[in-house]
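Participant:
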Amino acid sequence: MRKAWMLVRLLTHLLYGFVVALVFWPLFSKAMKEAIEKRWARQLLGILNVQVKVVYESPESNYAIHKPCLLYSTHVSWLDIFAFNSIHPVTFIAKSEISKWPIGGLLAKRSGTLFIERGKRHAVRDVIHAAVKVLATGRCVAVFPEGTTGPGDAPLHFHSNFVQPAIQAKVPLLPVSLQYFTPDGKFSSQPAFIGEQTLLENIKVLMNSKTGFVVQLYIHAPINTDGRTRHELSDEAHEKIRALCGSTSALV
90 MRKAWMLVRL LTHLLYGFVV ALVFWPLFSK AMKEAIEKRW ARQLLGILNV QVKVVYESPE
150 SNYAIHKPCL LYSTHVSWLD IFAFNSIHPV TFIAKSEISK WPIGGLLAKR SGTLFIERGK
210 RHAVRDVIHA AVKVLATGRC VAVFPEGTTG PGDAPLHFHS NFVQPAIQAK VPLLPVSLQY
270 FTPDGKFSSQ PAFIGEQTLL ENIKVLMNSK TGFVVQLYIH APINTDGRTR HELSDEAHEK
330 IRALCGSTSA LV
């Protein structure tokens, strides 16, 4: 009965988001759009029994106040995007496949997601240029430099190309250690959307959990990008995240 009710709430929430994005989105002001994105993300996570915990390493790590910046985060689940947006909406760089998702694709497009068209010669260059333009408006941009999802216990290889928007826009780089835990504070890889698992299968994992999960966003102190190469910046961010992930088997 609990899972059936969760499913009804989830489908209703997705339908509501679809209608708002399809019909009413162009009518809203920028502030209204951000408020809707934030509330919708919080409600989605609430339906799936996922709590968000954010830890700021320094006051300057609070990207809702100190912006624009480039958030440079590990990637575990499709829920990661909504975890960020539940704190303060940002523009994401994402693979183009997401734009083809039913409902989710439209929501991503309406929120301004920058899609990378794989296989196109100038895809990365074009998305970097687009990200710089977004940063120039004062809005933060988020990217998952691993280019794929992992369990969250350690960062995978980072593609340093994705630091470039921060360098060109002259904004700080904020490394983010994103991990999932059980409510009693133990690390969990269960919510990870990895391998051959489908989106529906992943949603089933989330719905089958009786306790739910906590997604922790540990936002490290910003890194100044002035005079630094993308390789140096990416390596420094990777090391900060690796050290944090390696030292935490429980919530910070």
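According to the working numbering, the stretch in the sequence shown is residues 90 to 341, in order.
Heads up, the beta-carbon is just placed ideally off N, CA and C, and yes, glycines get one too.
It should be emphasised that the depicted structure is a prediction, and the values quoted were computed from it without experimental measurement.
I want to know whether the segment 193–212 touches the segment 242–251 - three or more CB-CB distances under 8 Å.
Facilitator: Short answer: they don't touch.
Participant: Kindly indicate which residue of F171, Q257, Y161 has the alpha-carbon position closest to the one of K329.
Facilitator: If we check each option's Cα against that of K329, Y161 comes out closest.
Participant: Considering only residues of the same chain and omitting the five flanking positions on each side of G239, which have a CB-CB separation below 6 Å?
Facilitator: Cβ within range, chain order: L245.
Participant: Does the pairing of the segment 130–141 with the segment 220–239 give three or more beta-carbon distances under 8 Å?
Facilitator: Short answer: they don't touch.
Participant: Return helix, strand or coil for Y145, following the three-state DSSP convention.
Facilitator: In the structure shown, Y145 sits in a strand (DSSP, three-state: E or B).
Participant: May I have the straight-line CA-CA distance separating R214 from V221, to the nearest angstrom?
Facilitator: For R214 and V221, the distance between alpha carbons rounds to 11 Å.
Participant: Consult DSSP for Y105 and reduce its assignment to one of helix, strand or coil.
Facilitator: Helix at Y105.
Participant: If F282 sits next to N291, beta carbons under 8 Å apart, how far is it from one beta carbon to the other, in whole angstroms?
Facilitator: Rounded, the Cβ-Cβ distance is 5 Å, consistent with contact.
Participant: Using 8 Å for Cβ pairs, my map puts L195 next to L137. What's the rounded Cβ distance?
Facilitator: Rounded, the Cβ-Cβ distance is 20 Å, inconsistent with contact.
Participant: Which term fits Q305, buried or exposed, when burial requires 16 or more other beta carbons within 10 angstroms of its beta carbon?
Facilitator: Flag for Q305 reads buried.
Participant: What are the boundary residues of the beta strand (DSSP E) that Q268 is part of?
Facilitator: Counting along the chain, the beta strand (DSSP E) containing Q268 begins and ends at 262–270.
Participant: Skipping 5 residues on each side, what residues in its chain have a beta carbon closer than 8 Å to that of L69?
Facilitator: Because the chain is modelled from 90 through 341, residue 69 falls outside the range shown and cannot be assessed.
Participant: Around the Cβ of Y105, are there at least 16 other Cβ atoms within 10 angstroms (buried) or fewer (exposed)?
Facilitator: It is exposed - the Cβ of Y105 has fewer than 16 other Cβ atoms within 10 Å.
Participant: Using 10 angstroms around the beta-carbon of G241, count the other beta-carbons present and answer buried if the total reaches 16, otherwise exposed.
Facilitator: It is buried - the Cβ of G241 has at least 16 other Cβ atoms within 10 Å.
Participant: Quick one: measure Cβ to Cβ for H309 and S175, integer angstroms, because I've assumed they're closer than 8 Å.
Facilitator: Not quite, the Cβ-Cβ distance comes to about 19 Å (not below 8 Å), so this is no contact.
Participant: Short of 8 Å in beta carbon distance, which residues of its chain neighbour P280, apart from the five on each side in sequence? Order them along the chain.
Facilitator: Result list for P280: V139, V165, S166, L168, Y269, N291, V294, L295, F302, V304, in chain order.
Participant: Give a yes or no on whether the C-beta atoms belonging to A212 and R331 are separated by under 8 Å.
Facilitator: Their beta carbons are not under 8 Å apart, which means A212 does not touch R331 by this criterion.
Participant: Compare the beta carbon distance of V223 and T180 with 8 Å and say whether it is the shorter of the two.
Facilitator: The answer is yes: Cβ separation under 8 Å.
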